[in-house]
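Below is one structure, written out as structure tokens; the observations come after it.
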Amino acid sequence: MVGMKKKKGYLLLKYIIYIGLLLFLVFPLYWIVSTAFRTDKEIFNSSLSLIPQSFTIAHFQDAFIKVDLLKCLTNSLVITCITVVISILTGLLMSYAFARKNFRGKRFLNSTILLTQFIPMIAYIIPLYLIMSKLKMLNTFSSLWITYLGIAFPIAVVLLINYINDVPVSLEEAACIDGCSNFKVMFYVVFPLAMPGIISTAIFIFITIWQEYLVAVSFISNEKLYTVSMALAKFQGPHGTDWGGIMAGAVLISIPAVVLFLCSRKMFTDNLAGGVKG
Numbered sequence: 001m002v003g004m005k006k007k008k009g010y011l012l013l014k015y016i017i018y019i020g021l022l023l024f025l026v027f028p029l030y031w032i033v034s035t036a037f038r039t040d041k042e043i044f045n046s047s048l049s050l051i052p053q054s055f056t057i058a059h060f061q062d063a064f065i066k067v068d069l070l071k072c073l074t075n076s077l078v079i080t081c082i083t084v085v086i087s088i089l090t091g092l093l094m095s096y097a098f099a100r101k102n103f104r105g106k107r108f109l110n111s112t113i114l115l116t117q118f119i120p121m122i123a124y125i126i127p128l129y130l131i132m133s134k135l136k137m138l139n140t141f142s143s144l145w146i147t148y149l150g151i152a153f154p155i156a157v158v159l160l161i162n163y164i165n166d167v168p169v170s171l172e173e174a175a176c177i178d179g180c181s182n183f184k185v186m187f188y189v190v191f192p193l194a195m196p197g198i199i200s201t202a203i204f205i206f207i208t209i210w211q212e213y214l215v216a217v218s219f220i221s222n223e224k225l226y227t228v229s230m231a232l233a234k235f236q237g238p239h240g241t242d243w244g245g246i247m248a249g250a251v252l253i254s255i256p257a258v259v260l261f262l263c264s265r266k267m268f269t270d271n272l273a274g275g276v277k278g
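Residue numbers (the UniProt record's numbering): 1 to 278.
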């Protein structure tokens, strides 16, 4: 009887902790969305309620009219997609070489790639700015995606090595016995089985580049080339901050990342469940 009470008490405590953590994670998201639909008067009201008293879409209209968020979304989408595609393709080749091949300088090169992940971006920004200035590449998309590629490539290599290592070598050996070349082994055996890792890595890189601000604000001053993170900063002015506009913009710029995850979730789980089995 005492044991049953202890077990029930343990389960109750566990559920309370789970619910508390869930509220801790979900509440900020709810607050962003709800604030985006509140009027300015209600936002700055000292007795702000959890549920909006009046709904408005004026902040969303301001995001498209005052800030031209659609243009910023297009800019970010182009730059991010270029970065993701190139970093994944090159990262796959490099990670396969690290996982399956032995060559001179492998350990040094691997350590160098890992080291780049421990150096903060702010340490690179001044040298990169001077380089882009000398090359006349400031205020261009090229300056962004080239720099972002330098950020994304090491991430892709570090993450993809582990997924490729999970693919049994025996499958590659069997494919080679059947007459497959190294190229076919990579693209028809290893990479399809590592697809869950490839998808998750691509999503991680997409989100990392999508929300990047420091490089963009350092290299871009032409408003026609602004990214989504820079668009949000435009809601802050010398006379105050448009919190409703910032929240509405945050909701809008989150949509592509959320849609990407929802569209790839089924593919991700299916590959994860049946990857090696297939």
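Backbone N, C-alpha and C define an ideal beta-carbon position, used for all residues, glycine too.
- Message: Let's see if you can read the secondary structure: which residues bound the alpha helix (DSSP H) around N165?
- Response: 141-165
- Could you spell out where the alpha helix (DSSP H) holding Y129 opens and where it closes? Boundaries of the alpha helix (DSSP H) around Y129: 122-134.
- Query: DSSP three-state call for T83: helix, strand or coil?
  - Reply: helix
- Query: For L92, which option in T208, I57, I155 has the closest C-alpha, if you only look at C-alpha atoms?
  - Reply: Out of T208, I57, I155, I155 has the C-alpha closest to the C-alpha of L92.
- Query: Does DSSP put T74 in a helix, a strand or coil?
  - Reply: In the displayed model, T74 falls within a helix according to three-state DSSP.
- Item | Coil, strand or helix - G249 by DSSP | helix
- Nearest CA to the CA of S200: which residue from Q61, V189, V157? The option with the nearest alpha carbon to S200 is V157.
- Reducing DSSP to helix, strand and coil, say where T241 ends up. strand
- Task: Could you name the residues of the same chain whose beta carbon sits closer than 6 angstroms to that of Y129, not counting the 5 residues immediately before and after it, in chain order?
- Result: S218
- Is it buried or exposed for E223, if we count other Cβ within 10 angstroms and need 16 for buried? Exposed.
- Quick one: any contact between the stretch 230-243 and the stretch 59-67, if contact means 3 or more CB pairs under 8 angstroms? Contact annotation: the stretch 230-243 touches the stretch 59-67, with at least three C-beta pairs closer than 8 angstroms.
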